[in-house]
Amino acid sequence: MTSAAEIVTQVERDDVRARWLLSAPALLIIFFAAIGPLFVMLAYSVMVKGDYGDVRFGELSLDGWFSVLFQRDIFDDTIGLADAHLSIFWRSVKLSLITTLVTLALGFPTAYFIATRPPHTREVWVFLVTIPFWTNLLIRTFAMQEVIRNEGILNTLMIRLGVIDQPIQLMYTDAAILFGMVYVYLPLMVLPLYASMEKLDFRLVEAGYDLYATRLRVLWRIIIPLVRPGIVAGSILVFIPSLGAYVIPRVLGGGKSMMLGNLIELQFGAGRNWPLGAAISITLMAMVMLALLVYVRNAARSGAQHG
Amino acid sequence: MRQKLRTATAATALLAFAGMAHADGELNIYNWGDYTSPELIKKFEQAHNVKVTITDYDSNDTALAKVRAGGHGFDIVVPSANYVPIWVKEGLLLEARPDQMENFKNVDPRWVDVHWDPGRHYSVPWQWGVTGIGVNTKVYGGDINTSAIFLDPPAELVGKINVAPEMNDVLYATIKYFGGDWCTDDKELLRKVRDKLVEAKTKWLAMDYSVTDKLPAGDYSAVYYWNGAIMRSRLANQDIKFGYPKEGYPIFMDSVAILKDAKNVENAKLFMNFIMDPENAAMVSAFAKYANGIKGSEQFMPEDMKTAPELVVPAEFEKAGEFLEACSPEVVDLYSRIWTDVQK
Amino acid sequence: MASGRTFDLRSQPAFSFVALFTFFMLYLPIAALVMYAFNAGSSMAVWEGVSLRWFYEAAGNERVQEAALRSAVIAMFAALTATVAATMAAIATTRTRPYRGLTFKYAFINQPLMVPEIVTAVALLIVFSRIKVWTGYSGLGYLVAAHSAFCIPFAYLPIRARLENMDLSLETAAADLYATKWQAFSHVTLPLLRPGIIAGFMLAFVISLDDVVITEFVKSGGQDTLPTYMLGQLRRETTPEINAIAVAFLLFSVVLVTAFFFVNRRKV
Chain G
1 MTSAAEIVTQ
11 VERDDVRARW
21 LLSAPALLII
31 FFAAIGPLFV
41 MLAYSVMVKG
51 DYGDVRFGEL
61 SLDGWFSVLF
71 QRDIFDDTIG
81 LADAHLSIFW
91 RSVKLSLITT
101 LVTLALGFPT
111 AYFIATRPPH
121 TREVWVFLVT
131 IPFWTNLLIR
141 TFAMQEVIRN
151 EGILNTLMIR
161 LGVIDQPIQL
171 MYTDAAILFG
181 MVYVYLPLMV
191 LPLYASMEKL
201 DFRLVEAGYD
211 LYATRLRVLW
221 RIIIPLVRPG
231 IVAGSILVFI
241 PSLGAYVIPR
251 VLGGGKSMML
261 GNLIELQFGA
271 GRNWPLGAAI
281 SITLMAMVML
291 ALLVYVRNAA
301 RSGAQHG
Chain B
1 MRQKLRTATA
11 ATALLAFAGM
21 AHADGELNIY
31 NWGDYTSPEL
41 IKKFEQAHNV
51 KVTITDYDSN
61 DTALAKVRAG
71 GHGFDIVVPS
81 ANYVPIWVKE
91 GLLLEARPDQ
101 MENFKNVDPR
111 WVDVHWDPGR
121 HYSVPWQWGV
131 TGIGVNTKVY
141 GGDINTSAIF
151 LDPPAELVGK
161 INVAPEMNDV
171 LYATIKYFGG
181 DWCTDDKELL
191 RKVRDKLVEA
201 KTKWLAMDYS
211 VTDKLPAGDY
221 SAVYYWNGAI
231 MRSRLANQDI
241 KFGYPKEGYP
251 IFMDSVAILK
261 DAKNVENAKL
271 FMNFIMDPEN
281 AAMVSAFAKY
291 ANGIKGSEQF
301 MPEDMKTAPE
311 LVVPAEFEKA
321 GEFLEACSPE
331 VVDLYSRIWT
341 DVQK
Chain D
1 MASGRTFDLR
11 SQPAFSFVAL
21 FTFFMLYLPI
31 AALVMYAFNA
41 GSSMAVWEGV
51 SLRWFYEAAG
61 NERVQEAALR
71 SAVIAMFAAL
81 TATVAATMAA
91 IATTRTRPYR
101 GLTFKYAFIN
111 QPLMVPEIVT
121 AVALLIVFSR
131 IKVWTGYSGL
141 GYLVAAHSAF
151 CIPFAYLPIR
161 ARLENMDLSL
171 ETAAADLYAT
181 KWQAFSHVTL
191 PLLRPGIIAG
201 FMLAFVISLD
211 DVVITEFVKS
221 GGQDTLPTYM
231 LGQLRRETTP
241 EINAIAVAFL
251 LFSVVLVTAF
261 FFVNRRKV
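Protein chains in written order, with full-length UniProt numbering: chain G, 1 to 307; chain B, 1 to 344; chain D, 1 to 268.
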């Protein structure tokens with residue numbers, strides 16, 4: 001005789017097992033082609049660097065980790081903070097945060113706009129959001145360059161309209177990198193936002209108005225809490241690739257100022273310091289995970305408050 | 001053992017000659033992007049009944065990392081001069097003995113006993129060029145045969161300069177600007193180099209690759225860049241002039257070599273021999289607008305290349321040019337840290 | 001809307017304005033791109049009149065055609081694999097009481113997002129080249145595997161967002177009517193989930209098409225994709241040929257996606 005409690009446990013156990021089976025393909029693919037190889041990175045970060053790139057396998061050293069934050073001064077051999085690395089870290093974080101905020105500011109209204117169209121036209125609008133992104137990143141970056149360069153569309157237009165009389169130098173500035181990243185990552189914000197907004201129950205909005213809430217208040221107290229999962233997903237999708245961006249700063253930033261992706265590439269490339277490259281990469285990953293953790297915690301807490 | 005290996009490769013080389021007239025199959029070339037003339041490949045395919053596949057790389061280090069890791073499937077690679085010794089040292093290249101090939105007699109003697117491959121046991125010349133100054137003379141009319149154009153730029157050019165984002169080329173010019181030698185580890189001199197670059201960078205607009213488009217269009221008024229690209233810029237805008245930095249400028253040469261783990265060694269050798277033919281070498285140059293190292297190819301070159309000031313080095317500046325040797329790992333470390341400081 | 005209010009309660013006029021501005025900005029660079037594809041001159045900056053010259057050049061360039069086709073094939077396979085795996089994983093990780101390993105799964109699935117591309121690229125180069133040497137196989141499978149892996153989180157996030165917001169009552173109703181688990185899934189859950197799956201697939205497809213760095217390191221001989229081909233060109237010179245290729249590619253994708261949408265709609 002099995003008791004009801006035992007049956008329930010059994011059912012639950014079966015459910016968990018089924019859930020593991022269901023997630024197995026995704027977990028396996030990611031393990032094979034993304035996570036597994038990273039252990040190699042971890043191993044490489046604690047080895048002696050090879051003379052011409054690569055590492056000397058089996059020879060251990062913590063130099064790579066040491067040089068992430070500290071450096072022996074090139075000229076007087078004193079040990080100090082690696083301020084070059086620190087400033088590159090900081091500018092990457094700063095530019096990625098701004099990119100996330102701007103894409104949210106543009107993407108939220110856009111997703112809302114799409115979600116409030118009549119049902120049969122929504123797909124068309126979604127389609128319109130994605131079309132520009134059916135060309136690859138490099139082409140889009142080049143296209144953005146056509147817009148913001150000195151004799152590009154934006155400057156020409158503004159001169160014609162009499163807003164300015166001299167072209168504004170946008171190319172090769174941080175503003176250019178921002179333009180590029182916002183443009184390139186915008187759909188990664190709009191699509192998840194739309195996916196959760198599309199399910200929004202507008203009866204709740206109506207209820208809000210019935211209680212004489214203003215538009216802003218309805219937005220703030222009803223809509224935003226309800227689409228929070230979309231906001232979190234979108235922000236994560238935009239922030240993280242921005243942090244590791246490589247092509248956009250290289251093309252639009254004119255390569256004068258590195259971002260983290262470029263710094264890491266330098267170490268695996270002409271810098272020939274793979275252990276340092278590996279150590280910086282792992283530091284970056286740790287930072288991202290920490291930020292994610294804090295973010296998700298905060299989101300959960302404030303979500304609970306709003307009920 | 002090594003001796004044995006050498007005799008073995010020599011024997012293979014001899015066999016290759018025997019089979020030269022006829023070889024079917026495939027050839028996998030791993031080369032810089034936009035650097036291989038499609039007409040040349042078509043001609044080779046037809047002449048030898050070989051299917052050629054080209055794959056691109058965009059930096060010496062990517063190519064090196066990839067080939068060293070193995071399993072790549074390439075037969076031929078085209079490394080720059082300062083990288084050839086590394087490839088040899090790492091045991092990645094086949095000692096194909098191109099110096100014993102039929103067309104080797106066409107190689108300009110200047111390019112035979114080169115320091116990166118003395119006597120040419122591994123590689124044959126593909127293209128060579130220099131890194132120099134390109135200036136829009138409408139904007140600046142002064143002397144352009146100096147690195148001061150980008151290190152101490154005249155007021156007219158401030159904020160309009162593009163410098164090739166190449167660590168070696170830029171550090172070389174700057175070290176020479178202060179009278180040092182390449183691969184120096186003189187701390188006092190290197191401090192000056194770093195400080196100068198950090199200061200000069202604030203007067204540059206970009207460190208980018210897209211020169212052939214932006215120099216003629218006026219986005220840039222001056223560049224420190226490769227001569228072939230500057231020549232292409234001049235063809236689009238006659239105001240562009242080329243300058244050879246008198247303090248010293250780097251010469252580069254990319255050479256064709258066969259990989260040790262190549263699957264199509266015979267076809268690769270056919271290809272090596274093929275590009276040492278003057279007519280074919282001229283096709284190589286006509287496409288990418290750099291000089292090759294083959295005697296007699298001039299007569300097959302397009303007219304505008306024979307007299308191009310970017311390609312024909314004036315006698316007074318010939319001495320200032322130098323091939324960059326591969327520096328010791330300690331020096332490379334020092335240089336890449338300076339480079340990071342400059343780009344932060 | 002039948003209510004007697006003087007305004008449509010859904011509408012936020014400022015939002016519509018921003019949205020239309022966003023759409024305008026999205027298409028401005030594309031317009032520039034298309035325009036210069038028809039430039040008669042060989043510059044991407046100076047306009048010299050209308051011509052089809054670059055389309056002919058691109059059409060005559062075998063390497064471009066092969067690379068474009070290869071990109072599309074890889075993206076298709078990778079996006080399919082990623083979407084199927086991500087849908088299964090999303091179902092397995094939502095609408096459940098927390099169980100052991102759930103957080104682990106979240107972290108695991110989202111992990112490819114947290115790694116800069118260049119790191120994965122070098123790591124994959126080291127591991128895959130060993131496998132290539134052992135097995136002797138060096139086909140497109142490695143690229144598809146690598147692309148699938150980093151596409152999964154992109155497909156997973158919208159699908160999961162959709163699932164979490166989904167109305168449970170319909171599924172409960174199906175269960176009440178003695179539908180089997182599979183029937184409930186295929187007749188109720190899946191159709192409701194479809195917008196999420198479509199968004200996931202499209203994201204995955206685009207992400208795969210975009211990839212430069214990982215492909216550059218993983219590719220074997222003769223496996224250039226359009227982005228790596230263009231990266232190679234970047235160092236030398238760019239002509240409107242690239243624009244022409246991009247326009248052709250764009251047209252191809254639009255036709256593909258339009259067809260996809262119509263087929264999809266008819267089933268409703």
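Even for Gly, the Cβ is constructed at its ideal location relative to N, Cα and C.
Just so we're clear, the structure is a prediction, and the values are computed from it rather than from any experiment.
- The beta carbon of VAL198(B) does not come within 7 angstroms of any beta carbon belonging to chain G, so the residue lies off that interface.
- In the three-state reduction of the DSSP assignment, TYR57(B) falls in the strand class, which pools E and B.
- At least one CB of chain D lies nearer than 7 angstroms to the CB of TYR112(G).
- Residue state for MET276(B) is assigned as coil, using DSSP reduced to three classes.
- Beta-bridge partners of LYS49(G) (DSSP): VAL55(G).
- A direct Cα-Cα distance of roughly 45 angstroms separates TRP339(B) from ALA90(D).
- Here LEU163(D) has ALA90 and THR94 as same chain residues with Cβ atoms under 6 angstroms from its own Cβ, once five neighbours each way along the sequence are excluded.
- For VAL211(B), the enclosing alpha helix (DSSP H) begins and ends at 211-217.
- Spanning the alpha carbons of SER23(G) and LEU290(G) requires a straight line of approximately 25 angstroms.
- Residue range 123-136 is occupied by the beta strand (DSSP E) that includes ASN136(B).
- Within chain G, the residues whose beta carbon sits less than 9 angstroms from that of ILE338(B) are ILE74, listed in sequence order.
- C-alpha of TYR27(D) to C-alpha of LEU20(D): approximately 11 angstroms in a straight line.
- For LYS181(D), the closest Cβ of chain B is not nearer than 7 angstroms.
- Collapsing the DSSP output to three states places TYR246(G) in coil.
- Chain-ordered, the chain G residues with CB closer than 8 angstroms to the CB of MET114(D) read ILE240, MET285, VAL288, MET289 and LEU292.
- Burial is judged here by how many other beta carbons sit within 10 angstroms of a residue's own beta carbon; VAL294(G) has fewer than 16 and is exposed.
- Contacts between LYS105(D) and chain G, judged by CB atoms closer than 8 angstroms, involve SER23 and LEU27 in chain order.
- Residues of the region 62-81 of chain D with a C-beta less than 7 angstroms from any C-beta of chain B: ARG63, listed in chain order.
- The region 109-123 of chain B makes no contact with the region 213-225 of chain B: fewer than 3 CB pairs, one atom from each, lie closer than 8 angstroms.
- Boundaries around VAL256(B) are those of the beta strand (DSSP E), 249-258, since no alpha helix (DSSP H) includes it.
- Straight across, the Cα-Cα distance linking ALA326(B) with ASN82(B) is about 5 angstroms.
- Out of LEU106(G), GLY58(G) and SER45(G), the CA that lies nearest to the CA of PHE15(D) is found in LEU106(G).
- Of all alpha-carbon atoms in LEU252(G), GLY269(G), PRO225(G) and MET285(G), the one lying nearest the alpha-carbon of TYR57(B) is that of GLY269(G).
- Using beta-carbon distances, ILE139(G) does not count as an interface residue toward chain B, since no partner is under 7 angstroms.
- Contact with chain B is absent for LYS94(G), since none of that chain's Cβ atoms lies less than 7 angstroms from the residue's Cβ.
- Check the Cα spacing between SER285(B) and each of ASN273(B), MET272(B) and PHE300(B): the tightest is with PHE300(B).
- The shortest C-alpha to C-alpha distance from PRO116(D) to any of ALA58(D), PHE128(D), VAL212(D) and GLY222(D) is the one to VAL212(D).
- Under the DSSP assignment, LYS241(B) falls in the beta strand (DSSP E) whose first and last residues are 240-243.
- Annotation: the continuous beta strand (DSSP E) that includes TRP226(B) extends over 222-226.
- Under the Cβ criterion of 7 angstroms, ASP186(B) is not counted among the residues facing chain G.
- TRP128(B) is positioned such that its CB atom lies no closer than 7 angstroms to that of ALA320(B).
- Taking a beta-carbon distance threshold of 7 angstroms, LEU92(B) does not count as an interface residue toward chain G.
- Taking C-beta atoms under 8 angstroms as the contact rule, ARG19(G) and ALA92(D) qualify, at a distance of about 4 angstroms.
- For the region 217-232 of chain G, residues whose beta-carbon sits nearer than 8 angstroms to a beta-carbon of chain D comprise LEU219, PRO229 and GLY230.
- Ranked by how close their Cα comes to the Cα of LEU28(G), the residues ILE126(D), ILE152(D), LEU168(D) and VAL188(D) have ILE152(D) in first place.
- At a cut-off of 7 angstroms, the C-beta of PHE287(B) has no neighbouring C-beta in chain D.
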